[in-house]
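Chemist: Heads up: the protein sequence lines correspond to chains A and B, in order.
When we follow this note's numbering, the leftmost residue of the first sequence carries the number 56, and every step to the right adds one.
When we follow this note's numbering, the leftmost residue of the second sequence carries the number 101, and every step to the right adds one.
Note that the Cβ used here is the ideal one computed from N, Cα and C, for glycine as well.
Dropping a structure here in structure tokens format, bear with me for questions.
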Amino acid sequence: MKPFTYQRVSTPAEAAAAAARMANSKFIAGGTNLLDLMKLQIEAPAHLIDVNALKLDKIEDMPDGGLRIGALVTNTNLAADTRVRRDYGVLSRAIVAGASGQLRNKATTAGNLLQRTRCPYFYDTNQPCNKRQPGTGCSAIGGYSRQLGVIGTSDSCIATYPGDMAVAMRVLDATVHTVKPDGLTRTIPIADFHRLPGDTPQADTVLQTGELITAVTLPKPIGGTHVYQKVRDRASYAFALVSVAAVVQSDGSGRIAVGGIAPKPWRNEAAEADLPRGAKAVTTKLLADARPTEDNAFKVSLVERTLAAALAEAKG
Amino acid sequence: MSRRGLLGAGAASVAATAVPVSAAQVGKPAAPSLAKLAFEVNGKKRTLQVDTRTTLLDALRENLQLTGTKKGCDHGQCGACTVLVDGVRINSCLSLAVMHEGDKITTIEGLGQPDNLHPMQAAFIKHDGYQCGYCTPGQICSAVAVLGEIKAGIPSHVTADLNGRPTASNDEMRERMSGNICRCGAYSNILEAMTDVAEKVA
Numbered sequence: 056m057k058p059f060t061y062q063r064v065s066t067p068a069e070a071a072a073a074a075a076r077m078a079n080s081k082f083i084a085g086g087t088n089l090l091d092l093m094k095l096q097i098e099a100p101a102h103l104i105d106v107n108a109l110k111l112d113k114i115e116d117m118p119d120g121g122l123r124i125g126a127l128v129t130n131t132n133l134a135a136d137t138r139v140r141r142d143y144g145v146l147s148r149a150i151v152a153g154a155s156g157q158l159r160n161k162a163t164t165a166g167n168l169l170q171r172t173r174c175p176y177f178y179d180t181n182q183p184c185n186k187r188q189p190g191t192g193c194s195a196i197g198g199y200s201r202q203l204g205v206i207g208t209s210d211s212c213i214a215t216y217p218g219d220m221a222v223a224m225r226v227l228d229a230t231v232h233t234v235k236p237d238g239l240t241r242t243i244p245i246a247d248f249h250r251l252p253g254d255t256p257q258a259d260t261v262l263q264t265g266e267l268i269t270a271v272t273l274p275k276p277i278g279g280t281h282v283y284q285k286v287r288d289r290a291s292y293a294f295a296l297v298s299v300a301a302v303v304q305s306d307g308s309g310r311i312a313v314g315g316i317a318p319k320p321w322r323n324e325a326a327e328a329d330l331p332r333g334a335k336a337v338t339t340k341l342l343a344d345a346r347p348t349e350d351n352a353f354k355v356s357l358v359e360r361t362l363a364a365a366l367a368e369a370k371g
Numbered sequence: 101m102s103r104r105g106l107l108g109a110g111a112a113s114v115a116a117t118a119v120p121v122s123a124a125q126v127g128k129p130a131a132p133s134l135a136k137l138a139f140e141v142n143g144k145k146r147t148l149q150v151d152t153r154t155t156l157l158d159a160l161r162e163n164l165q166l167t168g169t170k171k172g173c174d175h176g177q178c179g180a181c182t183v184l185v186d187g188v189r190i191n192s193c194l195s196l197a198v199m200h201e202g203d204k205i206t207t208i209e210g211l212g213q214p215d216n217l218h219p220m221q222a223a224f225i226k227h228d229g230y231q232c233g234y235c236t237p238g239q240i241c242s243a244v245a246v247l248g249e250i251k252a253g254i255p256s257h258v259t260a261d262l263n264g265r266p267t268a269s270n271d272e273m274r275e276r277m278s279g280n281i282c283r284c285g286a287y288s289n290i291l292e293a294m295t296d297v298a299e300k301v302a
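Here it is as structure tokens:
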């Protein structure tokens, strides 16, 4: 790790102001992803701003019947919350399908949204990588790409967003709440939060420098059967090859988002309208623009099969 | 010179040659930053001055000489460094020591001692839940926390009914222990030890 200075802050405004004051600073909450990357010198902040004392660790009912999840709520506490288990089961299911118990105890809601790709070339500092070092090239294109993206990728980057939680949040139409260094707050629909790489893959999200996530809100419950199907190389503690978050209503309509295949949780409302016609119809529309590599072409059929499994599970 | 001392000296000489090179590249070397830390480890108040880069794992092992907690992968993948912070299990390798101001840390040394074993330590011995023993402190800390998490009703990937209460079944314990790797493959005996303790507690 490169040396860094360290500071604790007690309000979101103080945190954002500190980030504006100190160049090359980072917020740290659970730290499970950031410290891993700092050890490898993929991230090398000169200053860390510890946001754990911001009291953003509550899950609160909202007047509209929805739920406000503080940025610092741990993955464990979010998955275990009785309201989440009852009304947003797909979110609980997605969270417990990821990482290990130890990591979920530390990982926070905001940090999980911001976790970086697990592309092996992003992690290997001896290899060119446009996300890690803009302009150096993409080693994954033409390299080992079995785990990587099939849609939404670009000629600069084919990395995936690796997480599970955000895939469920996408299906639930969550909203991300932030505060900027100038003190202004804004709300970002989860659909717009992660960005596609284009020719600037170094920016994973639309957050600006020093912008701090304060909460994620969920709209009021939509009912239906909640399912999260995840296919991976091990039965536990592995990133998804393909995952499907689904909320299916009794008439066969519903919503689905797919993880493990793109730089962001992948959802297409037009494809979703075909849910009553089955997995094949939906997948054909959803992945019409897919550009898989030779290594990961299997993911296209795996999406269809995982979706079919999710729909079968929802039917019971 | 002890093996530990020799390794330390080796690392120091590598650092001494490496620092000027990177300093020349970036123009100005970033100086290490020190911070004070007060926390409670195994029931004892401790104060330390550490480099901000020091992980909780290194503070325990190198500063406090509590070498029961092991460094395996140092990247949160193996679970050998698992300790309890205010009763919650975490990977101590992926947490900065300075972020634990005021926390209560329990390591394998605090869980029980040779003449006063924690029931989980006794069960691991009884059921031969290890071979080389390197992952064992992490396995035991994790196992103790897993039974607590099940009791607290925290769901897992294999919990059939999200709204029901999970039980200490084989499937539940195997899934919840997936963050602790054992290269010797003592998993089935670890499971027996955990089952033994779960049944006694229940």
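Nearest CA to the CA of Leu-158(A): which residue from Glu-292(B), Arg-276(B) and Arg-153(B)?
Modeler: For the purposes of this step, residue 158(A) is taken as residue 103 along the first sequence, with counting starting at 1. Taking only the C-alpha atoms, the option nearest Leu-158(A) is Arg-276(B).
Chemist: Using a C-beta cutoff of 7 Å, does Pro-237(B) count as contacting chain A?
Modeler: Here residue 237(B) corresponds to residue number 137 of the second sequence, with the count starting at 1. It does not: the Cβ of Pro-237(B) has no partner Cβ on chain A nearer than 7 Å.
Chemist: So for Val-141(B), helix, strand or coil by DSSP?
Modeler: The residue labelled residue 141(B) in the question sits at position 41 within the second sequence. Of the three classes helix, strand and coil, the one that applies to Val-141(B) here is strand, per DSSP.
Chemist: Report, in whole angstroms, the separation of the C-beta atoms of Lys-275(A) and Gly-121(A), which I expect to be a contact under 8 Å.
Modeler: Counted from its first residue, the first sequence places residue 275(A) at position 220. Counted from its first residue, the first sequence places residue 121(A) at position 66. Sure, about 5 Å apart at Cβ, within 8 Å.
Chemist: Going by other Cβ atoms of all chains shown within 10 Å of its Cβ, with 16 needed for buried, is Met-294(B) buried or exposed?
Modeler: Working through the second sequence from its first residue, we reach residue 294(B) at position 194. Met-294(B) comes out buried.
Chemist: Just to confirm, is the Cβ distance from Val-271(A) to Ile-124(A) under 7 Å?
Modeler: By 1-based counting over the first sequence, the position of residue 271(A) is 216. By 1-based counting over the first sequence, the position of residue 124(A) is 69. Against a cut-off of 7 Å, the Cβ pair of Ile-124(A) and Val-271(A) comes out as a contact.
Chemist: Given a limit of 7 Å on CB to CB distance, which residues of the stretch 187-207 of chain B reach chain A?
Modeler: Val-188, Arg-189, Ile-190, Asn-191, Leu-194, Ser-195, Leu-196, Val-198 and Met-199
Chemist: In whole angstroms, what separates the C-alpha of Ala-336(A) from that of Ile-245(A)?
Modeler: Indexing the first sequence from 1 puts residue 336(A) at position 281. Indexing the first sequence from 1 puts residue 245(A) at position 190. So the two alpha carbons sit approximately 25 Å from each other.
Chemist: Verify the contact flag: Thr-260(A), CB atom, against every heavy atom of the ligand MG, threshold strictly below 6 Å.
Modeler: Although the ligand MG was asked about, the structure shown includes no ligands whatsoever.
Chemist: Quick check on the burial criterion: 16 or more other C-beta atoms within 10 angstroms. Buried or exposed for Ser-256(B)?
Modeler: Looking up residue 256(B) in the second sequence gives position 156. Its Cβ being crowded by 16 or more others within 10 Å, Ser-256(B) is buried.
Chemist: Examine chain A for any beta-carbon lying closer than 7 Å to the beta-carbon of Ile-254(B), and answer yes or no.
Modeler: Looking up residue 254(B) in the second sequence gives position 154. It does; some Cβ of chain A falls within 7 Å.
Chemist: Do Ser-305(A) and Pro-252(A) have their beta-carbon atoms positioned less than 7 Å apart in this structure?
Modeler: Within the first sequence, the letter at position 197 stands for residue 252(A). Within the first sequence, the letter at position 250 stands for residue 305(A). No, they are not a contact pair.
Chemist: Whole angstroms is fine: what's the gap from Pro-347(A)'s alpha carbon to Pro-183(A)'s?
Modeler: In the first sequence, residue 347(A) corresponds to position 292, counting from 1. In the first sequence, residue 183(A) corresponds to position 128, counting from 1. Put simply, the backbone Cα of Pro-347(A) is about 21 Å away from that of Pro-183(A).
Chemist: Ends of the alpha helix (DSSP H) at Phe-353(A)?
Modeler: On the first sequence, position 298 is the one that residue 353(A) refers to. From DSSP, the alpha helix (DSSP H) with Phe-353(A) extends over 353-370.
Chemist: Leaving aside the five residues before and after Gly-127(B) along the sequence, list all residues of the same chain whose C-beta is less than 8 Å from its C-beta, in chain order.
Modeler: Locating residue 127(B) in the second sequence gives position 27, counting from the first residue. For Gly-127(B), the predicted model reports a pLDDT of 45, less than 50, meaning its position is unreliable; a value from the coordinates is still stated below. Scanning its chain for C-beta atoms nearer than 8 Å, with the 5 sequence neighbours on each side dropped, one finds no residue around Gly-127(B).
Chemist: Apply the 10 Å Cβ neighbour rule to Thr-118(A) and answer buried if 16 or more other Cβ atoms are within range, or exposed otherwise.
Modeler: Within the first sequence, numbered from 1, the residue matching residue 118(A) stands at position 63. It should be noted that the sequence gives Pro, not Thr, for residue 118(A). With fewer than 16 Cβ atoms within 10 Å of its Cβ, Pro-118(A) is classed as exposed.
Chemist: Who are Ala-300(A)'s beta bridge partners in DSSP?
Modeler: In the first sequence, counting from the first residue as 1, residue 300(A) sits at position 245. DSSP lists Tyr-283(A) and Ala-312(A) as partners of Ala-300(A).
Chemist: Between Arg-153(B) and chain A, is the shortest Cβ-Cβ distance under 7 Å, so that the two count as touching?
Modeler: Stepping through the second sequence from its first residue, residue 153(B) is reached at position 53. Yes, Arg-153(B) counts as interfacial toward chain A.
Chemist: Using a beta-carbon distance below 7 Å, is Pro-58(A) in contact with chain B?
Modeler: The residue labelled residue 58(A) in the question sits at position 3 within the first sequence. For Pro-58(A), the answer is yes, since a Cβ of chain B falls inside 7 Å of its Cβ.
Chemist: Ignore the nearest five residues each way along the sequence and tell me which others in Lys-57(A)'s own chain have a CB closer than 6 Å to its CB.
Modeler: The count along the first sequence starts at 1 and reaches residue 57(A) at position 2. Closer than 6 Å at the Cβ level, and outside the excluded window around Lys-57(A), lie Ala-99.
Chemist: Could you pull the start and end residues of the beta strand (DSSP E) that Ile-243(A) belongs to?
Modeler: Taking the first sequence and counting its residues from 1, one reaches residue 243(A) at position 188. Here the beta strand (DSSP E) through Ile-243(A) covers 240-244.
Chemist: Does any residue of chain B have a CB that is nearer than 7 Å to the CB of Lys-186(A)?
Modeler: The residue you call residue 186(A) lines up with position 131 of the first sequence. No, its Cβ sits nowhere closer than 7 Å to a Cβ of chain B.
Chemist: Can you name the start and end residues of the beta strand (DSSP E) that Glu-266(A) belongs to?
Modeler: Along the first sequence, one-based indexing puts residue 266(A) at 211. No beta strand (DSSP E) holds Glu-266(A); DSSP gives it neither H nor E.
Chemist: Is the separation between the beta-carbon of Val-302(A) and that of His-281(A) shorter than 7 Å?
Modeler: For the purposes of this step, residue 302(A) is taken as residue 247 along the first sequence, with counting starting at 1. For the purposes of this step, residue 281(A) is taken as residue 226 along the first sequence, with counting starting at 1. Closer than 7 Å, so yes.
Chemist: Do you know whose CA, among Phe-248(A), Val-234(A), Thr-87(A) and Thr-215(A), lies nearest Ser-195(B)'s CA?
Modeler: As a first step, residue 195(B) must be located in the second sequence, where it is residue number 95. Nearest C-alpha to Ser-195(B): Thr-87(A).
Chemist: Answer with yes or no whether the minimum CB distance from Asn-263(B) to chain A is below 7 Å.
Modeler: Sequence index remark: in the second sequence, residue 263(B) carries index 163 (1-based). Answer yes: the Cβ-Cβ gap between Asn-263(B) and chain A drops below 7 Å somewhere.
Chemist: Roughly how many whole angstroms lie between the Cα atoms of Gly-278(A) and Lys-340(A)?
Modeler: Within the first sequence, numbered from 1, the residue matching residue 278(A) stands at position 223. Within the first sequence, numbered from 1, the residue matching residue 340(A) stands at position 285. So the alpha carbons of these two residues sit roughly 25 Å apart.
Chemist: Report buried or exposed for Arg-283(B), applying the criterion of at least 16 other Cβ atoms within 10 angstroms of its Cβ.
Modeler: Indexing the second sequence from 1 puts residue 283(B) at position 183. Exposed: under 16 other Cβ atoms inside 10 Å.
Chemist: Which residues in chain B have a C-beta closer than 8 Å to the C-beta of Tyr-292(A)? List them in chain order.
Modeler: For the purposes of this step, residue 292(A) is taken as the residue at position 237 of the first sequence. Near Tyr-292(A) (Cβ distances below 8 Å), the residues of chain B are Ser-278 and Gly-279.
Chemist: Are any of the Cβ atoms in chain B nearer than 7 Å to that of Asn-130(A)?
Modeler: The residue given as residue 130(A) occupies position 75 in the first sequence. Taking Cβ atoms only, chain B never reaches closer than 7 Å to Asn-130(A), which makes this a no.
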